[in-house]
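Enquirer:
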Amino acid sequence: MLVVDGRTLRCADVALVAGHDVAVEVAPAAAERAEAAWRLVAELSAEREIYGRTTGVGANRDLTVEEDAGPEHGHRLLRSHAGGTGGPLPAPTVRAMLLIRLNQLAAGGSGAHPRLLPALAATLSSGALPRVHRTGAIGTGDLTVLAETALTLSGERPWLSGSLPPVPLDTSDALAFMSSNAATLAEAVLAALDLDRLLRASHVVAALSYVVLGGSPEAYATPVHAARPHPGQVRCAAELRRLLGMAGLPKPGRRIQDPYGLRAFPQVQGPALDALDYLREILTVEINAATENPMVSLSARDVFHHAHFHTAYVAVALDQARATVHHVAELSAARLGDLVEPSFTDLPAFLASGPPGSSGVMILEYVAHDALASLRQAALPVTLGTAVVSRGVEDHASFATQAARQATEAAAAYRKVLACELVAAVRALRMRPADLMDLPVRAAFEVAEAELDPDLADRPLSADLDAAAALLDTIADF
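Below, the structure written as structure tokens:
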């Protein structure tokens, strides 16, 4: 049972609900807070103009809604904004979106009717899913996705799977429900956690390559990183020392200086670790925030018009994360190049095991650089663009939605790059198993060795790559 209170939701909770059947309920205090906000905004709406409740939205903000409009104005607002297109959002992302939106409503700033909270909790607990489209947001509110969700809850649109009794929606519920970036945040959270797992796995993969290549321990020495103590860099070097059993004075490597793939790994991996830490901090704030515009404040007993719908923090953090991960993936591809070079490994070219001219893992470099090219495209910053919409009234956009999508693509591409390096490193260690001796990273090698095909003859490596990509989630915990 996950209890939603509007204040303490974690990114890990979002991932749990996205991927598993979890019962969800609303904390009593959160339900009371939502009801108090709904009553307050109803009182204030009788005294003053409130955007989206007594007025139109966007460039229609100065047009007053007729007092006797009833719920029909809200339904028109939802129908007109339910214009998404493209393919459907994946089911895990939809579940994550529903949970985040529920938690934001539980924060008590929307003024939406409190019956929406148990309706969303019941949707999640029952496994029902609304059918929502992927395309239609620019980082200033997931209006199309949330309008489609609201119309599904009200019984006006069919469910993708499962169903619930229709929930009545009033005019005051329309903008209050739509005013959120819950879908963008859902994809961002899931992508961030995927990237985090891959970065943790990359410590293990790099350590295996280090063993094959006979790396120099000096690059990871504590005095080196104490001299420039960036948190991520220090953490990466410590992880490599742990995995490689570098206690006291380890034996020197084969070379006085290694290629950058090994020697600069902490300096390149470090920024990525720091960027993911920052991204998780930003996302944790966002998924627990009352971001609705206008926002109801119970403490001030007032309603405020503002710009919390703008997700510049999210967009910038996602851009930074993708850029740093691209650099890390470049080093993985570089290490793969070292692994197939006899002068670095003292093994046959391309780790081949067969007659002269055998290709071994030659093709892995092509696969890795194909994936790296995709990652490079996904790493391009979205924050260099903007948009002017709604007759010039809304004159800036963060494109955080696109940044989140590209983070998903970046994670998939990075997984392929790392899988190529893992397949090559395991193959090399099979050819020279004594290198591992009693190193802590040997446990990860043994797990990978048990899953990957031991046949060293020239053969298709597609199944190996699929198995290695799946293994990354497991070895991330070593």
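Going by the working numbering, the first residue of the sequence shown is number -17, and it counts up by one from there.
All C-beta atoms in this analysis are idealised placements derived from N, C-alpha and C, irrespective of residue type, glycine included.
Note that the structure is a prediction, hence the values are computed from the model and not measured.
For Glu431, which option in Asp440, Leu447, Arg441, Pro442 has the closest C-alpha, if you only look at C-alpha atoms?
Expert: Leu447
Enquirer: Indicate whether Arg317 and Ser198 have their beta-carbon atoms separated by less than 7 Å.
Expert: no
Enquirer: Should Glu54 go down as buried or exposed, given a rule of 16 or more other Cβ atoms within 10 Å for buried?
Expert: exposed
Enquirer: Please confirm whether any heavy atom of the ligand ATP lies closer than 6 Å to the CB of Pro148.
Expert: The ligand ATP is absent from the structure shown, which contains no ligands of any kind.
Enquirer: Would Leu366 be called buried (16 or more neighbouring beta carbons within 10 Å of its own) or exposed?
Expert: Its Cβ having fewer than 16 others within 10 Å, Leu366 is exposed.
Enquirer: Using the beta-carbon count (16 or more within 10 Å), is Ala452 buried or exposed?
Expert: exposed
Enquirer: Rank Asn163, Gly109, Val47 by C-alpha distance to the C-alpha of Gly118 and give the top, closest one.
Expert: Asn163
Enquirer: Between which two residues does the alpha helix (DSSP H) containing Asp446 stretch?
Expert: 444 to 457
Enquirer: Can you grab the Cα-Cα spacing for the pair Glu130 / Leu181, in whole Å?
Expert: Inter-residue distance for Glu130 and Leu181 is about 35 Å (C-alpha atoms, whole angstroms).
Enquirer: CA-CA distance, Arg237 and Ala407?
Expert: 19 Å
Enquirer: Does the region 95 to 111 come into contact with the region 65 to 83, if we say contact requires no fewer than three beta-carbon pairs (one atom in each stretch) closer than 8 Å?
Expert: yes
Enquirer: If you check the beta carbons only, do Arg(-11) and Asn275 fall under 7 Å apart?
Expert: Taking 7 Å as the Cβ cut-off, Arg(-11) and Asn275 do not qualify as a contacting pair.
Enquirer: Could you tell me the distance, in whole angstroms, from the CA atom of Arg179 to the CA atom of Val186?
Expert: Per the coordinates, the alpha-carbon of Arg179 lies some 11 Å from the alpha-carbon of Val186.
Enquirer: Hey, Ala299 and Tyr242: beta-carbon distance below 7 Å or not?
Expert: no
Enquirer: Using DSSP bridges, identify the partner residues of Trp141.
Expert: Beta-bridge annotation (DSSP): Trp141 is paired with Pro112.
Enquirer: Given this structure, state the Cα-to-Cα distance separating Val6 from Leu151, to the nearest angstrom.
Expert: Going from the Cα of Val6 to the Cα of Leu151 covers about 22 Å.
Enquirer: Could you pull the start and end residues of the beta strand (DSSP E) that Thr67 belongs to?
Expert: 67 to 70
Enquirer: Starting from Phe159, follow the alpha helix (DSSP H) in both directions and report where the run begins and ends.
Expert: 153 to 160
Enquirer: Between Gly68 and Arg116, what straight-line distance do the alpha-carbon atoms span, to the nearest angstrom?
Expert: Taking the straight line joining both Cα atoms gives about 6 Å.
Enquirer: Let me know the secondary structure DSSP gives Thr131 once reduced to three states.
Expert: In this structure, Thr131 counts as helix in the three-state DSSP scheme.
Enquirer: Where Pro330 and Phe460 are concerned, what is the direct C-alpha to C-alpha distance, given to the nearest angstrom?
Expert: Our two residues, Pro330 and Phe460, have alpha carbons roughly 30 Å apart in a direct line.
Enquirer: Per DSSP, what are the beta-bridge partners of Val371 in this structure?
Expert: Glu376
Enquirer: List in chain order: all unbroken beta strand (DSSP E) runs of 3+ residues lying wholly within the region 290 to 333.
Expert: none
Enquirer: Classify Tyr202 as buried or exposed, calling it buried when 16 or more other Cβ atoms lie within 10 Å of its own Cβ.
Expert: buried
Enquirer: Given 8 Å as the limit, is there contact between the region 143 to 162 and the region 85 to 98, that is, 3 or more CB pairs closer than that?
Expert: yes
Enquirer: Tell whether a beta-carbon distance below 7 Å holds between Ala361 and Ala305.
Expert: yes
Enquirer: Say whether the region 56 to 75 touches the region 122 to 138, bearing in mind that this needs 3 or more beta-carbon pairs closer than 8 Å, one atom from each stretch.
Expert: yes
Enquirer: May I ask you to list the residues that DSSP assigns as paired with Thr46?
Expert: Thr37
Enquirer: Over the uninterrupted alpha helix (DSSP H) stretch that includes Val216, give me the two end residues.
Expert: 213 to 225
Enquirer: Counting only the same chain and skipping the five closest in sequence on each side, list residues whose C-beta sits under 7 Å from that of Pro213.
Expert: Asp256
Enquirer: Can you list the alpha helix (DSSP H) stretches of 4 or more residues lying completely in the region 392 to 450, in chain order?
Expert: 424 to 433
Enquirer: Taking the alpha-carbon of Ala24 as reference, which of Ala(-3), Val285, Glu312 has the nearest alpha-carbon?
Expert: Val285
Enquirer: Report yes or no: do the region 218 to 233 and the region 349 to 361 share at least 3 C-beta pairs separated by less than 8 Å?
Expert: no
Enquirer: Using a 10 Å radius around the Cβ and a threshold of 16 neighbouring Cβ atoms, would you call Gln302 buried or exposed?
Expert: buried
Enquirer: Between the alpha carbons of Ala369 and Leu258, how many angstroms are there, rounded?
Expert: 27 Å
Enquirer: Just tell me which of Ser341, Gly56, Leu280, Arg113 has its CA closest to the CA of Tyr463.
Expert: A question about residue 463 goes unanswered here, because the residues of the chain that appear run from -17 up to 460.
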